[in-house]
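S.K.: Numbering (the UniProt record's numbering), first residue to last: 1 to 705.
Think of the CB as a built atom: it goes at the ideal place given N, C-alpha and C, for glycine as much as any other residue.
Only a predicted model underlies this, so the values are computations on that prediction, with no experimental measurement involved.
One structure follows; several queries about it will come next.
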């Protein structure tokens, strides 16, 4: 880098020259080619400052002779030290109060060659050593792991270690206000450590990071988004894109659940992957050039039976091993308040901090805490962190502001808040929707809720729906009764007997195309006698178009469910992953894993193990074959076996939403949130349907079918 400054001194001009080079040999080469001057001036340059990162092998005399008489050579790190007070910036990380015990955590690093696209997996017994090596090698790294797996501890240790890089910057994005751009957030945090104004401080920070001079650590990226979705992450990534370059060393962390169900996010961080056209368009629209996004190494922390957080709290609280995270955090909250003589405050925490999390608030002023919990939340009337009865659960988050030491505490309070039906209805009306995470959903699924029923009735109310990366709370306005089973061949045969000669019926949809017939396409069925052989009477009616499913439902005096009703009936009030709970169970479900005989984790495994021999054997099975595949409302076989039509259409009126997955999908794709889009005129061996009936009276009726 070269800069020439000019100033007037009386009647004369004075020139000051600044040259910055990573290597003395490079500077000597440039000066030799230009006769010792990069820019010629009318008068001699009075002062020349040369900043070098490496003296190289050049003899001092050779460089000195080219520079002239009046010059000063300084080391690069010494020059930056005059601008950045690193000790001030990292003070919170290096203070004894912030030191956390760190045990070796096993991890796996996935690296994809950007030229060949080939991937390599490296196993390590110590994620800390692995990260240190990658950071020293100027790699951009994404660290993932489940809550409490030690991500923040690793990243804080990395940023506090002077042996990795002389210059290191650490930002906790969980403390960044959602409406504050990263540039302003970083400038605000850097201002106390830099002599220049905020805008110049951020410019210097960018130069140091993009040139590969400094290490940038961005903790809790998943907590910095304005909404927990692929779109929200893309907006945040756009904000962070200025930091990234091929030479940068940027280490970011995120919960694995935030990434697992978002192909867009995975493509964004993997320059070797084929990015979808939609994602590329979104990147350009947000000001990000896809070709300039560097590749990220992905380090995934191992998932032991107990995370470092669980082990640490279990030991500190003297609890039995193997308890769920929710129980451990709950015990810590209860004991903290009991030891400070304020156990009565615990029931107030969900409304105070749980609701705040759902409105995307994770940082609180001490005045906020006093306002929410009252004077009893502070000892001796002192409004400071040390005097707060929740102090062991909190950390500083700016002057007179605090946040929870781990987001999971506030997520547990959010789940406890949502466990009350009235609160779910309240949250359903939040402008822009509630801020929900997969961990909130998991905590909610572990809280005992309303007793399960067996009448197939989905009550009106608010339900948690959507995939892990886009959870929502939506309201079902009126109760409906679901068919206990998917429509069977025997039931559909009665409908076939009532058809007109041309295959249509009096119950057809008014927009049904003229070419539609409700008779099965026997030439496309894998078993041509499927609708004639009594052995298939209890099997689901498949290869039925949306138009035929609509007509059949009207024939029985019913209708197709909406996709919201379908998912709510499958998940219950706690938002579970499977109709029976959160734990995968291959004995309860007809999916690709069932036919392969082992878990099918990746597409490559599905193609290798299922798409060959297994797919020829696989197919839909009787609807009553798996009684354990039962929703909280007594509806059976809602995931796996066959997809089910709904009445919901999105952008294209010729398409409709299907739910639940089928026998040819892996278990990870046959969950209560699984959805797809299918053309209404289509028919498939893997698509069936079930019906619902609106409940207009309070009288009890027997469950249908």
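(1) State the Cα-Cα distance for the pair residue 305 and residue 154, rounded to the nearest angstrom.
(2) Does the Cβ-Cβ distance between residue 354 and residue 416 come in under 9 Å?
(3) Any chance the stretch 246-256 sits against the stretch 210-222, with 3 or more Cβ pairs inside 8 Å?
(4) For the candidate residues 171, 320, 392, 547, whose alpha-carbon lies nearest to that of residue 646?
(5) Less than 8 Å between the CB atoms is what I'm expecting for residue 458 and residue 633, so what's the real figure, rounded?
(6) Going by beta carbon distance, what residues of the same chain come within less than 7 Å of residue 702, once the five residues before and after it are set aside?
(7) Excluding the 5 residues preceding and the 5 following residue 8 in the sequence, name in chain order all residues of the same chain whose CB lies nearer than 7 Å to its CB.
(8) Per DSSP, what are the beta-bridge partners of residue 644 in this structure?
(9) Roughly how many angstroms separate the alpha carbons of residue 330 and residue 84, rounded to a whole number?
(10) CA-CA distance, residue 261 and residue 468?
(11) What ranges does the alpha helix (DSSP H) occupy inside the stretch 421-467, keeping only unbroken runs of at least 4 residues that lie completely in it?
(12) What did DSSP end up calling residue 7 once you bin it into helix, strand or coil?
(13) Look at the alpha carbon of residue 111 and the alpha carbon of residue 133, and state the distance between them as a whole number of angstroms.
(14) Tell whether a beta-carbon distance below 9 Å holds between residue 535 and residue 580.
(15) Helix, strand or coil for residue 14, going by three-state DSSP, please let me know.
(16) Are there three or more Cβ pairs, one per stretch, closer than 8 Å when the stretch 399-415 is compared with the stretch 201-211?
(17) Residues in its own chain within less than 7 Å of residue 565 by CB, not counting five upstream and five downstream?
(18) Measuring straight from C-alpha to C-alpha, what distance separates residue 237 and residue 176?
(19) Using 8 Å as the threshold, is the stretch 357-365 in touch with the stretch 394-401, meaning 3 or more CB pairs across them?
(20) Assuming residue 142 and residue 296 are in contact, meaning their beta carbons sit under 8 Å apart, how far apart are those beta carbons, in whole angstroms?
(21) Between the Cα of residue 419 and those of 623, 447, 359, spot the shortest distance and give me the residue it belongs to.
(22) Quick check on DSSP: helix, strand or coil for residue 189?
(23) When the Cα atoms are used, what is the spatial distance from residue 214 to residue 151?
(24) Can you check whether the CB of residue 640 is closer than 9 Å to the CB of residue 660?
(25) Relative to the C-alpha of residue 298, which residue among 195, 139, 372 is closest?
(26) Across the stretch 680-695 and the stretch 551-562, are there enough close Cβ pairs to call them in contact, namely three or more that are closer than 8 Å?
(27) Under 9 Å between the Cβ atoms of residue 357 and residue 440?
(28) Quick check: the stretch 565-574 against the stretch 509-517, are at least 3 beta-carbon pairs closer than 8 Å?
(29) Compute the Euclidean distance between the alpha carbons of residue 521 and residue 642, then round it to the nearest angstrom.
(30) Who are the Cβ neighbours of residue 461 in its own chain at under 8 Å, not counting the five residues just before and after it?
(31) Which class does residue 739 belong to by DSSP, given the choice of helix, strand or coil?
(32) Smallest Cα separation from residue 706: which of 243, 597, 348, 620?
(33) Look at residue 527 and residue 496 and say whether their C-beta atoms are less than 9 Å apart.
(34) For a quick check, are the C-beta atoms of residue 680 and residue 655 less than 9 Å apart?
(35) Evaluate residue 275 with the Cβ neighbour count: other Cβ atoms within 10 Å of its Cβ, from every protein chain shown; 16 or more gives buried, anything less gives exposed.
(36) When you compare each of 128, 341, 86 to residue 104 by their alpha carbons, which one comes out closest?
M.R.: Quick answer:
(1) Taking the first residue of the chain shown as position 1, residue 305 is located at position 305. Taking the first residue of the chain shown as position 1, residue 154 is located at position 154. Rounded to the nearest angstrom, the two C-alpha atoms are 19 Å apart.
(2) Looking up residue 354 in the chain shown gives position 354. Looking up residue 416 in the chain shown gives position 416. Result yes, Cβ atoms of residue 354 and residue 416 sit closer than 9 Å.
(3) yes
(4) As a working note, residue 646 is residue 646 in the chain shown. The candidate whose alpha carbon is nearest that of residue 646 is 547.
(5) Within the chain shown, the letter at position 458 stands for residue 458. Within the chain shown, the letter at position 633 stands for residue 633. Contact holds; Cβ gap of about 6 Å.
(6) Counting from 1 along the chain shown, the entry for residue 702 is found at position 702. Note that residue 702 has pLDDT 45, beneath the 50 cutoff, so the model's placement of it is unreliable and no number is given.
(7) Locating residue 8 in the chain shown gives position 8, counting from the first residue. Nothing meets the Cβ criterion.
(8) As a first step, residue 644 must be located in the chain shown, where it is residue number 644. Bridge partners of residue 644: 659, 688.
(9) On the chain shown, residue 330 is found 330 positions in, with the first residue counted as 1. On the chain shown, residue 84 is found 84 positions in, with the first residue counted as 1. Distance between the alpha carbons of residue 330 and residue 84 is about 42 Å.
(10) Reading the chain shown from its first residue, position 261 is the one you call residue 261. Reading the chain shown from its first residue, position 468 is the one you call residue 468. Per-residue confidence for residue 261 stands at a pLDDT of 46, beneath the threshold of 50, marking its modelled position as unreliable; the derived number appears in the next sentence. Each residue's Cα considered, the two are about 6 Å apart.
(11) 421-428, 438-445
(12) Locating residue 7 in the chain shown gives position 7, counting from the first residue. Three-state result, residue 7: strand.
(13) In the chain shown, residue 111 corresponds to position 111, counting from 1. In the chain shown, residue 133 corresponds to position 133, counting from 1. So the two alpha carbons sit approximately 14 Å from each other.
(14) The residue given as residue 535 occupies position 535 in the chain shown. The residue given as residue 580 occupies position 580 in the chain shown. Contact: no.
(15) Numbered from 1 along the chain shown, position 14 holds the residue referred to as residue 14. Strand, per DSSP.
(16) no
(17) Counted from its first residue, the chain shown places residue 565 at position 565. Hits under 7 Å: 458, 476, 480, 692.
(18) In the chain shown, counting from the first residue as 1, residue 237 sits at position 237. In the chain shown, counting from the first residue as 1, residue 176 sits at position 176. Computed Cα separation, rounded: 14 Å.
(19) yes
(20) Position 142 of the chain shown holds residue 142. Position 296 of the chain shown holds residue 296. That pair is a contact at about 5 Å.
(21) On the chain shown, position 419 is the one that residue 419 refers to. Ranking 623, 447, 359 by Cα distance to residue 419 puts 447 first.
(22) Start at 1 with the first residue of the chain shown, and residue 189 comes out as number 189. Note: residue 189 maps to helix in three-state DSSP.
(23) Residue mapping note: residue 214 aligns to position 214 of the chain shown, counting from 1. Residue mapping note: residue 151 aligns to position 151 of the chain shown, counting from 1. C-alpha separation (whole angstroms): 20 Å.
(24) One-based indexing of the chain shown puts residue 660 at position 660. One-based indexing of the chain shown puts residue 640 at position 640. Yes. Within cutoff.
(25) As a working mapping, residue 298 is identified with position 298 in the chain shown. Comparing Cα positions, the closest option is 139.
(26) yes
(27) Start at 1 with the first residue of the chain shown, and residue 357 comes out as number 357. Start at 1 with the first residue of the chain shown, and residue 440 comes out as number 440. Going by C-beta atoms, residue 357 is nearer than 9 Å to residue 440.
(28) no
(29) Translated into positions along the chain shown, residue 521 becomes position 521. Translated into positions along the chain shown, residue 642 becomes position 642. Between residue 521 and residue 642, the C-alpha separation is close to 17 Å.
(30) For the purposes of this step, residue 461 is identified with residue 461 of the chain shown, where counting begins at 1. If we look at residue 461 and ignore the five residues flanking it on each side, its Cβ neighbours are 421, 424, 425, 475, 476, 573.
(31) Residue 739 lies beyond the residue range present for the chain, which begins at 1 and ends at 705; the question has no answer from this structure.
(32) Residue 706 lies beyond the range of the chain shown here (1 to 705); nothing can be said about it.
(33) As a working mapping, residue 527 is identified with position 527 in the chain shown. As a working mapping, residue 496 is identified with position 496 in the chain shown. In this structure, residue 496 does not lie closer than 9 Å to residue 527 by Cβ.
(34) Against the chain shown, residue 680 aligns to sequence position 680. Against the chain shown, residue 655 aligns to sequence position 655. Yes. Within cutoff.
(35) To locate residue 275, count along the chain shown from 1; it is residue 275. Because residue 275 sits at a pLDDT of 49, beneath the cut-off of 50, its placement in the model cannot be relied upon, and the following sentence gives the value as read from the coordinates. Result: buried.
(36) For the purposes of this step, residue 104 is taken as the residue at position 104 of the chain shown. When only C-alpha atoms are compared, the closest one is 128.
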